[in-house]
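Participant: Take a look at the following structure, please.
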């Protein structure tokens, strides 16, 4: 059985997950900024606030998952590097 690990891909994946989380936050912040400029009262404002709270919660949940996956990928990369270094020392 062959296991092939590409350290650059693992590092890139980790960085991409961080970038995706940041982009989600930025887009939601942009939407929030655009909508806070609007002035309205009544049920539609309450409905928006409820949906905004749901979006905020969903984005926090997604970012938490992305950060956990990114962390796991980073740990996996570090473990593979350490193992490869240990294995190469056996032959030195």
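Numbering (the working numbering), first residue to last: -9 to 82. C-beta atoms are modelled at their ideal positions from N, C-alpha and C, and glycine is treated no differently. Everything numeric in this text was worked out from a predicted model, so none of it was measured.
Please identify the residue among 22, 5, -2 and 8 whose C-alpha is closest to the C-alpha of residue 45.
Facilitator: Between residue 45 and the set 22, 5, -2 and 8, the nearest pair of CA atoms involves 22.
Participant: Which residues in the same chain as residue 1 place their Cβ atom closer than 7 angstroms to its Cβ, once the five residues preceding and following it in sequence are excluded?
Facilitator: Excluding sequence neighbours, residue 1 sits near 67.
Participant: If I measure Cβ to Cβ from residue -3 and keep anything under 8 angstroms in the same chain, skipping five residues before and after, which residues do I get?
Facilitator: 67, 70 and 71
Participant: Quick one: is residue 63 buried, meaning 16 or more other Cβ sit within 10 Å of its Cβ, or exposed?
Facilitator: buried
Participant: If you reduce the DSSP assignment to three classes, tell me which class residue 27 lands in.
Facilitator: coil
Participant: Is residue -4 helix, strand or coil by DSSP?
Facilitator: Looking at residue -4 - three-state DSSP - the assignment turns out to be coil, as it is neither helix nor strand.
Participant: Let's see if you can read the secondary structure: which residues bound the alpha helix (DSSP H) around residue 76?
Facilitator: 33 to 80
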